[in-house]
Amino acid sequence: MITQQENRSNQTRLHQIQVRQMHKAVFGLVGIWLTFTTTFLIAGWRVSQSGRYSNFYLNSWTIESQELPTVRSQQDK
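So the mapping is simple: the numbering used here equals the position in the sequence shown, first residue as 1, plus 37.
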């Protein structure tokens, strides 16, 4: 027969295992999100440094530049 103390001990171990599994999942997802965010920021910085994209709005992401890029209509071309 299982005593109350053994039952509590088993429940405590089960709870600890569940907590560890949850921490693994949360840390894994946070790691994936941080990797995505870091990669996006690095890519944006590299594109803004490139002269190849000088006509696009990506180069105007600086604080000093308050002008918004103008969009030309078909009639202006």
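Built from N, CA and C at the ideal position, the CB exists for glycine as well.
By the three-class DSSP mapping on this structure, what secondary structure does residue i have?
i, result
"Thr74", "helix"
"Ile69", "helix"
"Ser87", "coil"
"Ile39", "coil"
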